[in-house]
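The sequence shown begins at 13 in this note's numbering and counts up by one. This report refers to the structure that appears directly beneath it.
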Amino acid sequence: MKKDLYLMRHGQTLFNVRRRIQGWCDSPLTELGKQQALKAKEYLKDISFDHYYSSTSERCCDTIELIIGDHYYKRLKGLKERNFGLFEGESEDLNPKFDDFGYDDLFPHYGGERREDVQKRLKETLTDVMDKEDHQTVLALSHAGACMCFLSTVIDPGEVLKSGGLTNCCILHFTFENDTFKFVEIIRP
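Now the structure itself:
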């Protein structure tokens, strides 16, 4: 049976505005981030979700709470952002370009995670969620880097980057059937 996963990025945060690398550290939603979450709520209102999940990061929990109100959701560490090690909280200017010497080779040398580890963590977490019998339509809140890592296990993420990137509160819609995720669309409410 085909199931639906809506994987969403959190709303804008103070560190997004200040161009800081967040990773496992956290910063609060801005007023715009809260408005983005409410706009996403309006978009999602006609979808009947049977389960909700969020990264344990405050920015994701705050976003999902604005969207679902008093509904129950489960926090999962497996949905957390990539750990950027010593780069956490530092300026985005320190981030190498993706085509530089090896973007993904930098962070593990400073206590961060490898892309492959993030991909594996997200894929295992989301597969475990979607494998549950009563999970037909799921909303999961995560982060830009984590979402891109997961997306790269399904399609070339360049398609999403070319169409405007993974903006705050954008939603990646996937189907899940026979232990396989298929990318359907990106939604930017």
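Glycine included, each C-beta is placed from N, C-alpha and C at the ideal position.
So the candidates are 72, 16, 46 and 169; which of them puts its Cα closest to the Cα of residue 34?
For the residues 72, 16, 46 and 169, the minimum Cα distance to residue 34 belongs to 72.
Output the residue ranges of the beta strand (DSSP E) runs that lie fully inside the region 41-81 and measure 3 residues or longer, sorted by chain position.
Qualifying beta strand (DSSP E) stretches, in chain order: 63-67.
How would you call residue 75, buried or exposed, if buried means at least 16 neighbouring beta carbons within 10 angstroms?
It counts as buried.
Identify whether residue 21 lies in helix, strand or coil by the three-state DSSP scheme.
Looking at residue 21 - three-state DSSP - the assignment turns out to be strand.
Can you tell me which of the three DSSP states residue 16 falls into?
If DSSP states are grouped into helix, strand and coil, residue 16 belongs with the strands.
Using a 10 Å radius around the Cβ and a threshold of 16 neighbouring Cβ atoms, would you call residue 190 buried or exposed?
Flag for residue 190 reads exposed.
Runs of 4 residues minimum, wholly inside the region 92-164: which ones carry the alpha helix (DSSP H) assignment?
Within the region 92-164, the complete alpha helix (DSSP H) runs of at least 4 residues are 115-118, 127-143 and 156-163.
Can you check which of these residues, 32, 44 and 161, is closest to residue 91 by C-alpha distance?
It is 161 whose Cα lies nearest to the Cα of residue 91.
According to DSSP, simplified to helix, strand and coil, what is residue 184?
Strand at residue 184.
Using a 10 Å radius around the Cβ and a threshold of 16 neighbouring Cβ atoms, would you call residue 136 buried or exposed?
Classification for residue 136: exposed.
May I ask which residues mark the beginning and end of the beta strand (DSSP E) holding residue 194?
Looking at the DSSP string, the run of the beta strand (DSSP E) that includes residue 194 is 192-199.
With distances taken Cα to Cα, identify the nearest neighbour of residue 166 among 146, 70 and 197.
It is 197.
Measuring only the C-alpha atoms, how far is residue 157 from residue 99?
One C-alpha to the other measures close to 14 Å.
Under a three-way DSSP split, which group does residue 26 fall into?
Correct three-state label for residue 26: helix.
If you check the beta carbons only, do residue 125 and residue 94 fall under 8 Å apart?
It is a contact, given that the beta carbons lie within the stated cut-off.
Could you tell me the distance, in whole angstroms, from the CA atom of residue 46 to the CA atom of residue 59?
If I take the Cα positions, the gap works out to 20 Å.
What number of angstroms, rounded off, separates the C-alpha of residue 117 from the C-alpha of residue 130?
Rounded to the nearest angstrom, the two C-alpha atoms are 13 Å apart.
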